[in-house]
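Peer 1:
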């Protein structure tokens, strides 16, 4: 969301203060946690650091936050104690762009389920898929003495650029003194810690079970390379093969991620029209699911000979379950909790062994009445 677009130029700092105030009251910034630095907030709200400082000064005067030299601005607990002098442990999170899905927010909530009780503060920045923006946030994290960075890798249009760009970013973070934990996906060319989903078996079973229900002509809408998409495609292909569904590779409609991001309905309609015999549409993620569904709703008549049902790998909070026969749900908050436990491990263990945590996805087969 473009926060700057919501604010007229006059009294912008007051509106930013209100935005931060709401975040504190809603629990997004919990008691004792550190706010992002002024420079991070200036990037987010597209204002100067001076404007951010004026906004934060209002919150200080209200007793909602306190500034500690060399540490940062933290949220004051409702019943604050005056005896805590120990410098907090600080980690950081370098995430993808904020979206309406709250995917990354819910993942971070899972991290905080583990870290808040331990008194570990977390700084958050959003790289917007941009290396320079990511580097700016990383430099700010390092100045705040972050020792661990949770990193949501960049999406890229092919495996080579995905691996190269993310490998370089990992090395940059390490050169700044931060150990790296990858979130939701992994990078093959650089050994590191990571937390991701385990979706292959549930995805394969989804195709097997929908086939057993009579859906024998599936098509699969997919996108550019990222590690989790690769595993999901393999699950679709293997499920088709086990079920005796012919030529599964040709059933994958792989469009650039930008096609879905920019809602290129004409292109999606063209691809739908070339699969008029399909009885099941499988989507590789929630964005694809919703874009394909919206494309169909825009059409004056169905291109299919028979109304298809839907299935896919989804964040169930984002989709309408009408006409959905099955889905594999991402364990979003659980992945965050696993990352939080991995942070605790790294803070207490000097082992150089890289640790991986794969959280099983959940398969649900829905009845006709759901």
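In the numbering used here, the protein residues as written are 54 to 423.
For every residue, glycine included, the Cβ atom is placed at its ideal position computed from N, Cα and C.
Owing to the predicted nature of the structure, the values given are computational and were not obtained by experimental measurement.
Locate the beta strand (DSSP E) running through residue 220, then write down its first and last residues.
Peer 2: Taking the first residue of the chain shown as position 1, residue 220 is located at position 167. Premise fails: residue 220 lies in the alpha helix (DSSP H), 212-228, not in any beta strand (DSSP E).
Peer 1: How would you label residue 135, buried or exposed, when you count the other beta carbons within 10 angstroms and need 16 or more for buried?
Peer 2: In the chain shown, counting from the first residue as 1, residue 135 sits at position 82. Its pLDDT being 37, under 50, residue 135 is placed unreliably by the model, and nothing is read from it.
Peer 1: Terminal residues of the continuous beta strand (DSSP E) containing residue 380?
Peer 2: What you label residue 380 is simply residue 327 of the chain shown in a count that begins at 1. Here the beta strand (DSSP E) through residue 380 covers 377-382.
Peer 1: Per DSSP, what kind of secondary structure is residue 126 in: helix, strand or coil?
Peer 2: Along the chain shown, read from residue 1 onward, the residue named residue 126 stands at position 73. Looking at residue 126 - three-state DSSP - the assignment turns out to be strand.
Peer 1: From the DSSP secondary-structure annotation, give me the bridge partner or partners of residue 93.
Peer 2: As a first step, residue 93 must be located in the chain shown, where it is residue number 40. Answer is none; residue 93 lacks a bridge partner.
Peer 1: Quick check on residue 170: buried or exposed, where buried means 16 or more other Cβ atoms within 10 Å of its Cβ?
Peer 2: Residue mapping note: residue 170 aligns to position 117 of the chain shown, counting from 1. The residue is exposed, with fewer than 16 neighbouring Cβ atoms inside 10 Å.
Peer 1: Straight-line CA distance for residue 129 to residue 103?
Peer 2: Reading the chain shown from its first residue, position 76 is the one you call residue 129. Reading the chain shown from its first residue, position 50 is the one you call residue 103. Their Cα atoms are separated by approximately 22 Å.
Peer 1: Could you check whether residue 193 and residue 236 sit closer than 7 Å to each other, using their CB atoms as the reference points?
Peer 2: Start at 1 with the first residue of the chain shown, and residue 236 comes out as number 183. Start at 1 with the first residue of the chain shown, and residue 193 comes out as number 140. In this structure, residue 193 does not lie closer than 7 Å to residue 236 by Cβ.
Peer 1: Just to confirm the assignment, what range does the alpha helix (DSSP H) spanning residue 261 have?
Peer 2: Position 208 of the chain shown, counting from 1, holds the residue named residue 261. Here the alpha helix (DSSP H) through residue 261 covers 253-265.
Peer 1: Provide the residue(s) that pair with residue 104 in DSSP beta bridges, ordered along the chain.
Peer 2: Taking the first residue of the chain shown as position 1, residue 104 is located at position 51. Per DSSP, none; premise fails for residue 104.
Peer 1: Hey, would you say residue 366 sits closer than 7 Å to residue 338, going by beta carbons?
Peer 2: For the purposes of this step, residue 366 is taken as residue 313 along the chain shown, with counting starting at 1. For the purposes of this step, residue 338 is taken as residue 285 along the chain shown, with counting starting at 1. Yes, these two residues count as a Cβ contact at 7 Å.
Peer 1: Is residue 356 helix, strand or coil when you go by DSSP?
Peer 2: Reading the chain shown from its first residue, position 303 is the one you call residue 356. In this structure, residue 356 counts as coil in the three-state DSSP scheme.
Peer 1: Taking the alpha helix (DSSP H) that residue 190 falls in, what are its first and last residues?
Peer 2: If you number the chain shown from 1, residue 190 lands on position 137. It spans 184-196 - the alpha helix (DSSP H) in which residue 190 sits, taken as one unbroken run.
Peer 1: According to DSSP, is residue 83 helix, strand or coil?
Peer 2: Reading the chain shown from its first residue, position 30 is the one you call residue 83. Three-state result, residue 83: coil.
Peer 1: Does the beta-carbon of residue 172 have 16 or more other beta-carbons within 10 angstroms, so that it is buried, or is it exposed?
Peer 2: Translated into the one-based positions of the chain shown, residue 172 becomes position 119. When all chains shown are included, residue 172 counts as exposed.
Peer 1: Quick check: the segment 382-400 against the segment 243-251, are at least 3 beta-carbon pairs closer than 8 Å?
Peer 2: Touching, per the Cβ criterion.
Peer 1: State the start and end residues of the unbroken alpha helix (DSSP H) segment that holds residue 319.
Peer 2: Numbered from 1 along the chain shown, position 266 holds the residue referred to as residue 319. Taken as a continuous stretch (DSSP letters only), the alpha helix (DSSP H) holding residue 319 covers 318-326.
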